[in-house]
Structures are given as structure tokens and as C-alpha cells.
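In order, the protein sequences belong to chains A and B.
For the first sequence, position 59 matches number 59 in my numbering, and the numbering has no gaps at all.
Count along the second sequence starting at 1, add 165, and that's the number in my numbering.
2 protein chains.
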Amino acid sequence: MPAKKPSTPSGEVPALDLEHFLPYRLSVLSNTVSSALAGAYARRFALTIPQWRVIAVLARSPGLSAAAVAERTAMDKVAVSRAVSGLTRAGRVRRLLAANDRRRSVLTLTVRGQAVYRQIVPLARAYERRLLGELSPSERSQFDQLLGRLQKRSWLLGPAGDSRV
Amino acid sequence: MPAKKPSTPSGEVPALDLEHFLPYRLSVLSNTVSSALAGAYARRFALTIPQWRVIAVLARSPGLSAAAVAERTAMDKVAVSRAVSGLTRAGRVRRLLAANDRRRSVLTLTVRGQAVYRQIVPLARAYERRLLGELSPSERSQFDQLLGRLQKRSWLLGPAGDSRV
DNA sequence: CCAGGTTAGTTGCAATTGCAACTATAATCC
DNA sequence: GGATTATAGTTGCAATTGCAACTAACCTGG
Chain A
1 MPAKKPSTPS GEVPALDLEH FLPYRLSVLS NTVSSALAGA YARRFALTIP QWRVIAVLAR
61 SPGLSAAAVA ERTAMDKVAV SRAVSGLTRA GRVRRLLAAN DRRRSVLTLT VRGQAVYRQI
121 VPLARAYERR LLGELSPSER SQFDQLLGRL QKRSWLLGPA GDSRV
Chain B
166 MPAKKPSTPS GEVPALDLEH FLPYRLSVLS NTVSSALAGA YARRFALTIP QWRVIAVLAR
226 SPGLSAAAVA ERTAMDKVAV SRAVSGLTRA GRVRRLLAAN DRRRSVLTLT VRGQAVYRQI
286 VPLARAYERR LLGELSPSER SQFDQLLGRL QKRSWLLGPA GDSRV
């Protein structure tokens with residue numbers, strides 16, 4: 001009599017190879033890419049990745065609060081707080097208090113912060129371009145789109161194995 | 166007379182938005198997915214991600230050395246060493262010394278280690294399946310293939326901004 | 001107008017990680 | 001075959017991170 005599922009006779013679970021496991025592959029690629037960039041930022045600008053993210057956001061949206069920056073960078077508020085204090089010490093970010101709500105800070109890049117941004121953007125773009133040079137234009141937009149959908153889905157899923165209410 | 170490049174008159178660099186920057190997007194997705202899984206492994210099995218990786222590799226390839234495990238998991242040897250020592254303490258991995266080279270260890274899962282593997286695999290697969298449920302079968306294989314190519318390329322590239330010899 | 005609750009941001013502490021130095025074993029090459 | 005170099009793995013220390021507790025400011029209802 002046949003088993004219900006194609007598992008082996010001894011009840012073994014089908015093998016799982018890390019090389020084909022999506023979470024693993026994402027993690028490896030993301031680490032490779034991030035450390036390549038982190039190395040470059042650190043060597044040339046004494047900048048960490050969290051700091052670079054803060055700068056990138058403030059360059060586009062000056063005057064945000066720390067909480068708003070956290071939201072846009074997907075960092076937690078502690079990471080933002082520390083990144084900002086480092087950047088402030090380095091004279092790259094200016095922090096004021098909001099006139100109407102003195103808990104909230106108003107963050108902007110200083111001239112030096114802007115200069116760092118202008119220097120890094122071409123580097124960051126060049127790296128991205130070399131990486132994406134692997135793909136044809138249509139593959140790129142395909143990849144981009146799929147990545148976005150997976151991101152959205154991963155947000156909805158929450159913790160693994162929680163068949164959530 | 167037109168400028169050579171479409172940069173703004175004041176020499177500004179074209180804006181870079183984090184949301185469209187591939188390294189950032191990879192990092193966010195990878196973090197979301199990894200912490201969902203890490204939470205589940207920790208809660209249910211008191212297992213870290215490095216430990217899970219070691220188990221996954223040893224389940225498929227018993228008898229590897231620590232260095233070989235490091236290679237296959239893309240972890241560094243220190244991380245493997247610590248993961249293995251945790252697993253050994255927990256009675257999930259057995260470490261022997263190779264007869265012909267007493268520097269090298271020979272790692273295998275104990276029965277308990279195998280049991281953990283058999284319990285986790287379905288969980289891991291279920292999560293992956295729910296995540297990939299977002300994509301059609303052909304999109305999945307497309308994504309998989311593109312991911313692989315980007316991984317290979319990222320290895321070749323090395324540190325950003327190093328126009329390497 | 002003040003008591004209780006909420007929000008913004010910081011700080012302290014514990015756990016994780018990464019790198020370099022170290023130990024022990026093996027291989028190489030005069 | 002003994003000194004030199006290389007490899008496997010561990011350990012110690014410093015830097016990073018994450019979480020919880022904390023401070024300060026604001027808001028709301030009675």
C-alpha cells in the first residue's frame with residue numbers, strides 16, 4: 001500500500017539544501033553587497049551604513065524628525081538616534097527642536113553633510129550599475145518588481161510558523 | 166549650448182532615493198525574512214540562525230570539517246566554531262577528530278540534532294512557500310535565476326569603488 | 001489645571017559579531 | 001630531520017546592535 005506522501009519509508013523529511021533556500025540566498029547576497037558598500041563608505045568617508053541612510057533621506061527630505069527618518073530607512077529609533085549623534089558630532093547634520101513640539105527634532109544636512117552626499121551618490125550608483133550590469137534592462141525591471149512584491153508579502157507574513165489570527 | 170550631462174546648472178548630483186536603491190532594498194527584505202525565521206527558530210528550538218545553518222549542512226553532508234561547513238554556509242570560521250560549540254553543548258552535534266589530521270574535526274549530527282532538522286525543515290519550507298506564494302511558478306524560477314546571477318556578479322565585484330586590477 | 005497616559009528621543013546593559021592573536025598540528029624544503 | 005611556513009580551530013577584546021528602562025514634553029478627560 002502506497003504512502004500518502006512521497007516521503008521516504010522511514011518517515012524522513014525531504015532534504016533542504018541551503019543553496020536553494022530563498023532566505024539563505026537573500027541573506028548571502030545582501031551581506032556581500034552591503035559589506036562591499038560599507039567598506040567603501042568607511043574607508044572614504046568614515047561613515048557607517050546607518051549614517052549613510054540618514055544622510056540619503058535628509059538630502060531628499062530636509063527637516064524630518066528622527067522618527068520620520070526611522071520610518072523611511074526601516075531602521076529602529078535607537079539606530080537613528082546613534083547615527084544622528086555621530087553625524088552631528090562630525091558636523092554633517094544639524095539638529096534643531098521643533099518650535100511647536102519641543103520633543104521633536106528637526107534634522108537637516110549641513111553644507112558638509114551635503115558635500116558627503118554629493119560625493120557618495122556617484123559611487124553608490126556606480127556600484128549598483130556594475131552589479132546590475134549583469135542583467136538586461138528588462139530583467140532589471142522584472143527583478144525590481146518581484147523584489148517589491150516579495151517585500152510587501154514578507155511584511156504581511158510576520159513571524160514564521162505563526163498561523164496568525 | 167547644452168551641458169554634456171543632464172545635471173542641474175549648479176552641478177548637483179542626480180538625487181538618489183533609498184527606496185529605489187538595490188542594496189538598500191535587498192537589505193530590508195533580507196532582514197525582514199531573516200528575523201521572521203530567527204524568531205521562530207529561537208522560540209521553538211533555542212536555535213540561532215548560524216546554528217540552523219550548520220545543522221542544515223550537516224544533515225546533508227555528515228562528516229564535514231568546520232572549515233568545510235564555513236565554506237558551504239558562507240559563514241566565517243569563528244561563527245562556525247561558536248555555533249558548533251553551542252550545538253555540541255546542546256547534544257545536537259558530535260565532534261570527532263580526523264584520524265589522519267588531528268587538527269581537523271569531523272562533525273555529525275546526533276540523533277537529537279537530526280530530530281531538530283526534521284522538525285525545522287517543514288517550518289522553513291512552509292515559510293518559504295508562503296513567501297513565494299506571492300509569485301507565479303514562472304516568476305519564481307525567473308527570480309531565482311536572477312538572484313543567482315547577481316550573487317555571482319557581486320562576488321566578482323569586490324569592494325565598491327575599487328576599480329580593481 | 002492636574003493625573004494618567006502617550007510620544008520623541010536617549011542611555012545602559014546584555015547579547016552578537018568580527019578581527020586579531022594564539023595554540024596545536026601538519027606540510028615543506030633545504 | 002629539524003627549522004620554517006601554512007592550516008584548523010579557539011579565545012579575547014573591541015565595536016555594533018537590540019531591548020528595556022528612562023527622561024522630557026505633550027495631550028486628554030474630568
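Glycine included, every Cβ here is placed at the ideal spot set by N, Cα and C.
Bear in mind the structure is a predicted one, so any value in this text is a computation, not a measurement.
What residues are listed by DSSP as bridge partners for residue i?
i: A:SER105; result: A:LEU97
i: B:LEU183; result: Answer is none; B:LEU183 lacks a bridge partner.
i: B:LEU229; result: B:LEU272
Do residue j and residue i have their beta-carbon atoms positioned less than 8 Å apart in this structure?
i: A:SER154; j: B:LEU296; result: yes
i: B:LEU181; j: A:ARG92; result: no
i: A:ALA56; j: B:ALA325; result: no
i: A:GLU134; j: B:PRO188; result: no
i: A:LEU26; j: B:SER226; result: no
i: A:LEU107; j: A:LEU58; result: yes
i: B:GLN307; j: A:VAL28; result: no
i: A:ALA70; j: A:VAL84; result: no
i: A:LEU18; j: B:THR238; result: yes
Between the options, which lies nearest to residue i when the distance is taken from Cα to Cα?
i: A:SER136; options: B:ALA207, B:GLU299, B:GLY278, B:LEU311; result: B:LEU311
i: A:VAL121; options: A:TYR41, A:GLY133, A:GLY63; result: A:TYR41
i: A:ARG89; options: A:THR110, A:GLY39, A:VAL106; result: A:THR110
i: B:LEU262; options: B:ALA231, B:VAL245, B:ARG247; result: B:ALA231
i: A:PRO14; options: B:GLU304, B:THR197, B:ALA248, B:GLN279; result: B:GLN279
i: A:ARG94; options: A:LEU18, A:GLY63, A:ASP76; result: A:GLY63
i: A:ASP76; options: B:ARG314, B:THR197, B:PHE186, B:SER306; result: B:THR197
i: B:PHE210; options: B:ALA239, B:SER199, B:ARG247, B:GLN284; result: B:GLN284
i: B:ARG269; options: B:GLY204, B:GLY313, B:VAL281, B:ALA233; result: B:ALA233
i: A:SER34; options: B:ASP309, B:PHE186, B:ARG277, B:ALA203; result: B:PHE186
i: A:GLY148; options: B:ARG314, B:GLU304, B:ASP266; result: B:GLU304
Contiguous beta strand (DSSP E) assignments of at least 3 residues, all confined to the stretch 33–57 of chain A: none
Any 3 or more C-beta pairs closer than 8 Å across the stretch 44–54 of chain A and the stretch 211–219 of chain B: no
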